[in-house]
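For reference, the structure is listed below as structure tokens.
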Amino acid sequence: MLKALIIFFGLLALCYAASVGTTSDAPDVCQSEDELWGGEDIRKFYFCLDGQVITDECDPGYYFVNNVTISGCLPADLMKPSCVNLDTTVPDCTGTSKLQPQAADDVASFYLCTSDGAKELPCPDGKAFVSQDGYLGCFPWSEWRSLRNCVDD
């Protein structure tokens, strides 16, 4: 168990180190002067103000959607199920939940069991948590979308 935690934290540190020094996901150029638009991170959206791109984020439990009928932050229960974590609980830190990270409500966070119980930790910027089909950890949003089948229809 200790070996698995050390490996996980090592990988997490490596992912964080790789992400340090990179620019943010925010676009440099206005995509639209009169509409909101989203990016890879389903929690964020962008708009233009005086030619500058402004980044904003939906409230916790809400995700940005922009399609033919809807533009704005929707609650998780109205989202495509593969794009959100609806049935997560704080792990009891026994069995498998004690040995590996577990999904949290926020798709960019995860639970990790410590000697003080379960702690919710964020993925490094630009990444979201996956625990399915043999994948476990924080992945860039584009990979996360592919792994979770969270693609625009």
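Residue 30 in my numbering sits at position 29 of the sequence shown; the count goes up by one each step and never skips.
By construction, the Cβ of each residue, glycine as well, lies at the ideal position given by its N, Cα and C atoms.
A straight line joining the alpha-carbon of T95 with that of K120 spans about 14 Å. In the DSSP assignment, W38 forms a beta bridge with Y47.
Bounds of the beta strand (DSSP E) holding T115 are S110 to T115.
Secondary structure at K81: coil, using DSSP grouped into helix, strand and coil.
Sequence-distant partners of M80 (beyond 5 residues in either direction) whose C-beta falls short of 7 Å from its own C-beta, in its chain, are Y64.
For S132, the pairing in a beta bridge is given by DSSP as L137. Residue burial is scored here from C-beta neighbours: I43 has at least 16 other C-beta atoms within 10 angstroms and is therefore classed as buried.
Between C139 and P102, the alpha-carbon positions lie close to 10 Å from each other. Of the other Cβ atoms in all chains shown, 16 or more fall within 10 Å of the Cβ of G127; this residue is therefore buried. Annotated three-state conformation of S33 is coil, per DSSP. Sequence-distant partners of I55 (beyond 5 residues in either direction) whose C-beta falls short of 6 Å from its own C-beta, in its chain, are F48. Only residues of its own chain outside the window of five on either side were considered, and among them R149, N150 and C151 have a CB closer than 7 Å to the CB of S83, listed in chain order. In chain order, F46, Y47, F48, F65, N67, S72 and G73 place their CB closer than 8 Å to the CB of L37, counting only its own chain and leaving out the 5 sequence neighbours on each side. Cβ contact annotation for S110 (same chain, cutoff 6 Å, sequence separation greater than five): E121 and P123, in chain order. Taking C-beta atoms under 8 Å as the contact rule, T89 and A104 qualify, at a distance of about 5 Å.
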